[in-house]
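Student:
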Amino acid sequence: MSDRSTGLAPSRLTAVLGPTNTGKTHLAVERMLGHGSGMIGLPLRLLAREIYDRIVKLRGKASVALITGEEKIVPPRAAYFVCTVEAMPLGREVDFVAIDEIQLCADPERGHIFTHRLLHARGRFETMLLGAATMAPLVRRLLPDAEIVGRERFSNLSYAGSKKLTRLPRRTAVVAFSTDAVYAIAELIRRQRGGAAVVMGSLSPRTRNAQVALYQSGEVDFLVATDAIGMGLNMDVDHVAFAGLRKFDGRRTRWLHPQEVGQIAGRAGRYTRDGTFGVTGDCEEMDEDLVQAVEEHAFQPVMAAEWRSARLDFGNLPGLLRSLSEPPNRNGLSLSQEALDERTLRKLAQQEDVVARCKSDRSALLKLWDVCQTPDFRKTTDDDHQRMVKTLFDDLTTGRKRLPEDWINGQFKALDRTDGEIDSLAARLSGVRTLSYIANRPDWLANPVHWQGRTRELEDKISDTLHEKLMARFIDRRTSVLMKQLGERETILAGVAADG
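The numbering used here puts the first residue of the sequence shown at -18, with every later residue one more than the last.
#1: Which residues does DSSP pair with threonine 153 in a beta bridge?
#2: Between the C-alpha atoms of threonine 1 and leucine 298, what's the straight-line distance to the nearest angstrom?
#3: I need the DSSP call for tyrosine 196, collapsed to helix, strand or coil.
#4: Could you please give me the residues that DSSP links to methionine 109 through a beta bridge?
#5: Got a sec? Which residues, its chain only, sit under 7 angstroms from glutamate 133 by beta carbon, not counting five neighbours each side?
#6: Take leucine 426 as the anchor and find which of Ile389, Leu406, Glu52 and Glu402 has the nearest alpha-carbon.
#7: Jot down the residue ranges of each uninterrupted alpha helix (DSSP H) in the segment 27 to 51, minimum 4 residues, whole runs only, in chain order.
#8: When the distance is taken between beta carbons, is aspartate 397 closer than 8 angstroms to leucine 447?
#9: Could you work out which residue in Arg437, Asp219 and Thr(-5) is closest to phenylalanine 106 when comparing CA atoms only?
#10: Going by CA-CA distance only, name the one from Asp202, Val221 and Phe203 that's closest to glycine 211.
#11: Quick one, which of Trp236, Asn310, Ile129 and Ile54 has its alpha-carbon nearest arginine 30's?
#12: Go to tryptophan 236, then tell me how far its beta strand (DSSP E) extends in each direction, as first and last residue.
#13: How many angstroms separate the CA atom of alanine 162 from the CA atom of methionine 216?
#14: How many angstroms separate the CA atom of leucine 346 from the CA atom of histidine 101?
#15: Is methionine 181 helix, strand or coil by DSSP?
#16: Cα-Cα, which of Ser183, Leu39 and Gly104 is closest to isoleucine 443?
#17: If we count Cβ pairs, one from each stretch, closer than 8 angstroms, do we get three or more for the segment 2 to 20 versus the segment 55 to 62?
#18: Roughly how many whole angstroms lie between the Cα atoms of methionine 116 and leucine 410?
#19: Would you give the residue range spanned by the beta strand (DSSP E) that serine 306 belongs to?
#20: Please list the terminal residues of the continuous beta strand (DSSP E) segment that includes glutamate 128.
#21: Can you tell me whether proline 0 is helix, strand or coil according to DSSP?
#22: What residue from Gly262, Thr261, Asp263 and Gln281 has the CA that sits closest to aspartate 270's CA?
#23: For lysine 145, which three-state DSSP category applies?
#24: Can you tell me whether aspartate 480 is buried or exposed, with buried defined as 16 or more other CB within 10 angstroms of its CB?
#25: I need the straight-line Cα distance from glycine 313 to leucine 123, nearest angstrom please.
#26: What are the boundary residues of the alpha helix (DSSP H) that includes arginine 324?
#27: With which residues is tyrosine 61 paired in a DSSP beta bridge?
#28: With distance defined between alpha-carbon atoms, name the residue in Val45, Asp208, Leu237 and Leu302 nearest to cysteine 339.
#29: Who are the near neighbours of threonine 187 in its chain, counting only those whose CB is closer than 8 angstroms to its CB and skipping five residues on each side?
#30: At 3 residues or longer, and completely inside the segment 256 to 286: list those beta strand (DSSP E) runs for me, N to C.
#31: Pick helix, strand or coil for serine 315, following the three-state DSSP scheme.
#32: Whose C-beta lies closer than 7 angstroms to the C-beta of valine 413 among residues of the same chain, with five residues either side of it excluded?
#33: Can you tell me whether glycine 199 is buried or exposed, with buried defined as 16 or more other CB within 10 angstroms of its CB?
#34: State buried or exposed for glycine 72, treating a residue as buried only when at least 16 other CB atoms are found within 10 Å of its CB.
#35: Can you check whether the CB of isoleucine 403 is closer than 8 angstroms to the CB of arginine 454?
#36: Which term fits histidine 431, buried or exposed, when burial requires 16 or more other beta carbons within 10 angstroms of its beta carbon?
Okay, structure coming up:
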C-alpha cells in the first residue's frame, strides 16, 4: 500500500516501512540491481558482509564493493557499493541509494548519522529508505515528497509465555543482553540439549558466519545471541526466547523499548511460516500491553530524529566546538547528545599542546576531528580511548605525520596470538578491528596496503580459532545426536494413533 500515487519522476524517493521479517532489505537489493549502479547503507558490519556476499554471487566480485570502517574491498570498476551507514562514500554519484533501519535516527549515539543520510543521501534516479512503520509520521514531516509504502508480514507472531531453557522448542533463538549471560545460557543448553551456536555483534563476520552455519545446517538446534539478531541477520528461527528485558545501552541499564522487543521477536517465523516469542530463565513475563503491541506490530511513532550539524566550522577549534552544538532549525529534529567523537574532541581541546597545534596549523585541526572519529571497538573507558586518540593525533601532526612503523608493529605483535580462552580471543579480535580501521585510513600509515592485508589475515586467524573454541565449549556432539534421535522418536510416536 502507498500513501500517494506512484510516478516515474526523475528521482524517486520511497520509504518502505514495516515490521521485521517483511523482506524490506531484499526488496532494496533487487531494486538496486535493477539500476546500473547503486549504494546501500546498513547498520552493522555483519549485515553489510552478508549483503555483499549475496550480491557477489549474483554479479561477481568485480562489480561489488564493500566499505566499512574496518574493511574496504573496492574493485576498480565496482558498480554496487555495500557499506555501513557511517562509511558510505557520499561523494560518489550512483543511480540508486538505500538506507536500512532508518528508525535508528532516534539512537542517542549513532542517530545523527542516520538522520544525515535520511535527509541528504540520494541516488540519481531512485532513493529507498527502509525501516519500521513507527517512522511514517516523521518521514511525512521531514520528507513530504516521499512515497510511503507499507510492508505487512505474511505470517503471524504470537506470544508463547514462559518456558524453561530445558523445555524450549528446537529452532529457538535465545536472546540475552550481556556476554556473560550469553555464555551461561549456551553452557546450560550444551549440557541439557547438546549445544548452541553463539552470535554477538562483537564477532567478526567470519566467526559469525561459521556459527550461523552450525545452526542453519541443523548441527545444533539452538542459537544464543545478543540483540544483534534484530538487525536483519537472516536465520530460520521458529521461536525467540528473551532471557531478559533490560540492556546496557552504553550509558545506563534500561528496559527495552517495545519497538526493540518487536524488532527482536520479529525474527521468529519466515515468510508464511508463523513464529512465536516468549521469555525464559529468570526473565519476568511480558505484560499484556507489550505482548499486544508486539503481536500487532503497533508501537509509538518516532517523534524526532537525532541531529548534528554537518556544516562544521574548521576555521578554529572554538568554532568547531560551537558548530557541533548548533541547534536544528526545523521541526522533527532534536540536537543530538554528545557522541563519543564529540566527547573525545572536547576532552582533548582542554590540553594546551592540542590547542596550540590547532591554532598554528589548520590541517592539524582537520586531523584532530579525523582521529576523534575513531570508533572504540575495544569498549574501553572514555579515558583509555581518549589516550589512544591523543597518541594518534600526536603522531599524525608532528614529524613525518604518519603513525610510526614501530608503533603499528608493536600493536600488531601484541595481538598476534591464538592462545587463551574465548574472552581473550574476543578481546584480541576487538583490538584487531581497531588496527584494521587505522590501516584503512588513507593517510595514517606509510604502507597502508601492507597493514590492511596483515590485519585481515590476523582477523581471519583469530576468528577461526574463536569459532573452534566456541564449538568446543558450547557443543556436545554426543548429546546433540542423542537429543535429535529422541526428538525424531517422539515425532514418530506422536503420529501413531491410539488404535495403532
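Glycine included, C-beta positions come from ideal geometry on N, C-alpha and C.
Tutor: Looking at the atomic coordinates:
#1: Phe203 and His220
#2: 43 angstroms
#3: helix
#4: Thr(-5) and Ala79
#5: Gly(-1) and Thr3
#6: Ile389
#7: none
#8: no
#9: Thr(-5)
#10: Val221
#11: Ile54
#12: 234 to 236
#13: 21 angstroms
#14: 25 angstroms
#15: coil
#16: Ser183
#17: yes
#18: 35 angstroms
#19: It is not in any beta strand (DSSP E) - serine 306 carries neither H nor E in the DSSP assignment.
#20: 128 to 131
#21: coil
#22: Gln281
#23: coil
#24: With a pLDDT of only 45 at aspartate 480, under the threshold of 50, the placement of this residue in the model should not be trusted, and no figure is reported.
#25: 7 angstroms
#26: 321 to 329
#27: Gly19 and Val45
#28: Leu302
#29: One detail in the question is off: residue 187 reads as arginine in this sequence, not threonine. If we look at arginine 187 and ignore the five residues flanking it on each side, its Cβ neighbours are Glu440, Asp441, Ser444, Asp445 and His448.
#30: 256 to 261
#31: strand
#32: Leu396, Thr436, Leu439, Glu440 and Ile443
#33: exposed
#34: exposed
#35: yes
#36: exposed
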